[in-house]
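Numbering (the numbering used here), first residue to last: 2 to 190. Every residue, glycine too, gets a C-beta built ideally from N, C-alpha and C. This one's a predicted model, so the numbers in the text were calculated from it and none came from an experiment. Following: one structure in structure tokens, then a few remarks.
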């Protein structure tokens with residue numbers, strides 16, 4: 002199907018396509034702006050984020066640095082890693098971990114109540130934070146789903162696949178969607 006060119010512009014709505022960890026987290030971070038999340042399935046179903054096991058890597062331990070985290074990641078990339086993106090990602094990791102802590106995600110703790118940091122794979126320092134061992138994805142998704150369901154600025158269209166971005170004068174103006182099951186009917190948002 003060709004992109005629609007007759008969709009009227011003039012709305013400043015934000016649409017997030019996908020209800021995995023990245024989509025739901027983005028919708029929350031956009032508060033108080035109104036956001037519509039398009040999800041192929043009911044929230045919590047179908048997103049692969051729930052299957053993530055090991056945890057989250059962030060340079061938050063004593064003696065660890067963002068630079069060391071980036072160097073470890075670039076080294077294991079063996080020449081195919083985008084250094085600019087890695088530096089941005091590992092630089093954001095401690096703050097995003099704080100965001101997740103603010104949602105009440107029960108990250109594993111040591112006996113003193115500090116985050117329990119593990120060393121895994123090619124990391125040169127303990128920087129993996131986990132949730133109930135290998136339940137990070139499931140627990141983070143559960144907390145995100147609860148938070149977005151309670152957020153007044155977020156609405157949902159569940160059971161739709163985004164087909165394409167609708168255009169008006171060369172700019173995004175909406176989303177053309179199809180019902181996930183038996184999807185012969187198109188809908189435009």
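{"query": "Among the candidates 43, 26, 114, 45, whose CA atom is the shortest distance from the CA of residue 36?", "result": "26"}
{"query": "Give the secondary structure of residue 2 by DSSP, where H, G and I count as helix, E and B as strand, and everything else as coil.", "result": "With a pLDDT of 37 at residue 2, under the threshold of 50, the modelled position of this residue cannot be trusted, and the question is left open."}
{"query": "For a test of the three-state rule: what should DSSP assign to residue 181, helix, strand or coil?", "result": "coil"}
{"query": "So what's residue 156 in DSSP terms, helix, strand or just coil?", "result": "strand"}
{"query": "Which parts of the segment 8-92 are runs of the beta strand (DSSP E), unbroken and 3 residues or longer, counting only runs that do not cross its ends?", "result": "15-18, 36-40"}
{"query": "Which runs of the alpha helix (DSSP H), 4 residues or longer, sit entirely within the segment 117-163?", "result": "137-151"}
{"query": "Would you check if there are 3 or more beta carbon pairs closer than 8 Å linking the segment 73-93 to the segment 158-165?", "result": "no"}
{"query": "Taking 8 Å as the cut-off, decide whether the C-beta atoms of residue 149 and residue 56 are in contact.", "result": "no"}
{"query": "Of the residues 45, 95, 109, which one's Cα is nearest the Cα of residue 67?", "result": "95"}
{"query": "Count Cβ pairs between the segment 130-146 and the segment 37-55 that sit closer than 8 Å; are there 3 or more?", "result": "yes"}
{"query": "Thinking just about the alpha-carbon of each residue, which of 104, 117, 33, 176 is nearest to the one in residue 155?", "result": "33"}
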